[in-house]
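The sequence shown runs 15 to 296 under the working numbering.
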Amino acid sequence: MFDSGKVRLNRLFNTSGKCLDVAVDHGIFNEYAFLDGLESMPDVISQLVEAGPDAIQMNFGQSDVLQSIRGKGKPALVMRIDAGNPYNATNHEVLFDMLQDENNPILGALRMDAACVICNLLLIDGQPDLHRQTVRNIGLVRTECDKYGMPLMVEPLVMQSNKARGGYESDGDKDLMVALVRQARELGADIIKADPTDDPQDYDEVIEAARCPVLVRGGGKADLMSVFEKSYAYLQQGAMGLVIGRNIYQHPNPTTITSAFMAMIHNDATPQEAWDIYQSGS
Numbered sequence: 015m016f017d018s019g020k021v022r023l024n025r026l027f028n029t030s031g032k033c034l035d036v037a038v039d040h041g042i043f044n045e046y047a048f049l050d051g052l053e054s055m056p057d058v059i060s061q062l063v064e065a066g067p068d069a070i071q072m073n074f075g076q077s078d079v080l081q082s083i084r085g086k087g088k089p090a091l092v093m094r095i096d097a098g099n100p101y102n103a104t105n106h107e108v109l110f111d112m113l114q115d116e117n118n119p120i121l122g123a124l125r126m127d128a129a130c131v132i133c134n135l136l137l138i139d140g141q142p143d144l145h146r147q148t149v150r151n152i153g154l155v156r157t158e159c160d161k162y163g164m165p166l167m168v169e170p171l172v173m174q175s176n177k178a179r180g181g182y183e184s185d186g187d188k189d190l191m192v193a194l195v196r197q198a199r200e201l202g203a204d205i206i207k208a209d210p211t212d213d214p215q216d217y218d219e220v221i222e223a224a225r226c227p228v229l230v231r232g233g234g235k236a237d238l239m240s241v242f243e244k245s246y247a248y249l250q251q252g253a254m255g256l257v258i259g260r261n262i263y264q265h266p267n268p269t270t271i272t273s274a275f276m277a278m279i280h281n282d283a284t285p286q287e288a289w290d291i292y293q294s295g296s
C-alpha cells in the first residue's frame, strides 16, 4: 500500500532529494536572546518566502503567518510540537520538554497543512527524567503520525553545561551522538535533525546510524565563511540538507545567504562558490 507520509515528504524535499529548512521556532523556548531578528514574524516570513528555502520551521501559534500567504510556490511548513527549558541561560532545578498537546499532538500540524512535525530527543548528564520524557513524547507522536500519514522529524541533542553563559549547549561528542541518533531511528524517526560532530570526518557514522535522511543542525550564529566550510564538510559526508536558524534570520540579508545555502545543498557549490553567491547579492 502507498505510504501517505511520502506525499508530505515530497513537499519537504527538493527534486534533488535534499532540503534547506530555515528554523524560526525559537520563541517557543522562552529565551529572550533567541528573539533577536524575530521581533516581527510577518516581516521575517515575508523575507524568507521571497528567499525560497525548501521549508520553514515554525510553531502552531505562528504558522498562520506562513500559511496565510497565497500561492503554491511557498516553502513547506515544518511544525515544532514540543516546548522546553534546556535552552535558557539558566540552570533550572527542573528541566522539561513537553508536547504542547499530549492528547492530539499533531492536530495543529494537520490543520495548518504541515509537511512534517518535529520534536526533541534530549540527553543531558544527570537528567534521566528529561530523557525519559522525550522518549515518551516520541512514542506518543509516532502513533499519531502513523494514523494520519505525517512524517516525524526527531531532533536528538546531546547537551552539556555551558560554563560561559549558564544553561546548556550542544556536545559534539561523536560516540554519544551516534548512540542518540540510533535511538531516534529506533523510536521511529522519518527524518533526523542532528548536531554536527566535533570532527566532520566522523559524520558518516551519524549518517549510518540514522538510516533515514539527516539534516545538520546549524546552531548559534558564527562567522559566515566558517559556517559554509563546516556545512559543506557535513554535506560531503552524506547529510541530505541543513536546518539553519540564526545564521539566516539574524543576517541583514536573508535572501542572499539563503541562495548561497541552497546552491551548496542542491548544486554542490563549494564554500567559496557559496561565498561568491552571497557577496554578489549583498
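Idealized CB from N, CA, C, for every residue including glycine.
Contact between the region 176 to 193 and the region 150 to 163 is not established, with fewer than three Cβ pairs separated by less than 8 Å. When only Cα atoms are considered, D290 and D282 end up about 14 Å apart. Counting along the chain, the unbroken beta strand (DSSP E) around Y182 starts and ends at Y182 to S184. DSSP lists L135 as the bridge partner or partners of P170. Restricting attention to G31, A208 and K244, the CA atom closest to the CA of P214 is found in K244. Beta bridge pairing from DSSP links I205 with M167. Per DSSP, V38 lies in no beta strand (DSSP E) segment and is marked neither H nor E. Cβ neighbours of Y217 within its own chain (closer than 6 Å, five residues either side excluded): T211, Y248 and Q251. Residue L124 holds the alpha-carbon nearest to the alpha-carbon of K161 among L124, R231, V79 and V228.
When DSSP states are grouped into helix, strand and coil, A47 belongs to the helix group. K177 and Y46 have their C-alpha atoms roughly 19 Å apart.
Between D237 and the set P227, G255 and I271, the nearest pair of CA atoms involves I271. For A253, the closest C-alpha among the options V149, R231 and R260 is that of R231. Around the beta carbon of E53, fewer than 16 other beta carbons sit within 10 angstroms, so the residue counts as exposed.
Classified as buried, A69 has 16 or more neighbouring CB atoms from the shown chains inside 10 Å of its CB. Here the C-alpha atom of L229 lies approximately 5 Å from the C-alpha atom of L256. Of all alpha-carbon atoms in R22, I138 and V79, the one lying nearest the alpha-carbon of S60 is that of V79. The residue among E158, V195 and D35 with its C-alpha nearest the C-alpha of P119 is E158. Non-local C-beta neighbours of G202 in its own chain, meaning closer than 6 Å and more than five positions away in sequence, comprise R156, ordered along the chain.
Straight-line measurement puts the Cα of E222 at about 23 Å from the Cα of F242.
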